Amino acid sequence: MRHQKKTVRLGRKAQHRNALLANQVCSLIAHQRIKTTLAKAKAVRPLAERMVTLGKNGSIHARRMAFATLRQKDAVKKLFNQIAPASSERNGGYTRIIRLGQRPSDSAFMALIEWVDSPAEEKTAKKKEPKAEAKPKETKAEQPKAKEKETAPATEEPKKKRRWFGRKSEGEK
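Convert by adding 7 to the 1-based position in the sequence shown; the result is the number in this note's numbering.
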């Protein structure tokens, strides 16, 4: 029985496995998402989340510990400067695994692992917003109606969105 044997071995010796997982986390940091087998994605997730926790700490000691694990300065720098600040309000669960089905060649289950608070997703969302807010051209007949609406007093204030379901925002207390 495999009681208290937590490490996923992935058919590799310890040094090879540690190097593989470190390289996968570095690729995840560099590309925001990676496509890999489901077993490797499940093995990468704890290490990636541990690195984000170190990044949120932000101390020199945490930076050195991350570098000792990942062994790539660029990845550690990007982790501490971009990825960890994007996940600052989250208390865990920094990655998501999306199952993709089986690979045709050997029928291995494939998965996509990505950051939940990805800086790349925020940039694309910001680019799409101005296009959605573009105002249609008004004709001359519609302009007087718009002026009448502007002169009417605004009785309703827009409601503020809540951060979580149970919490109230600061203005509602």
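Every residue gets a Cβ at the ideal spot worked out from N, C-alpha and C, and that includes glycine. Fair warning: this is a prediction, and the values are worked out from it, not measured in the lab.
Annotation for I120: the continuous beta strand (DSSP E) segment containing it runs F116 to W122. Between Q31 and T43, the C-beta spacing is below 8 angstroms.
With a threshold of 16 other beta carbon atoms within 10 Å, A82 meets it and is buried.
In the DSSP secondary-structure assignment, K42 is bridged to L119.
Rounded to the nearest whole angstrom, the CA to CA distance from A91 to A26 is 22 angstroms. Shown here, R97 sits in coil according to DSSP, grouped into three states, outside any helix or strand. Between R52 and I104 a beta carbon distance of about 7 angstroms is seen, short of the 8 angstroms cut, so the two are scored as contacting. Looking from the CA of A29, the closest CA among M8, D124 and K47 belongs to K47.
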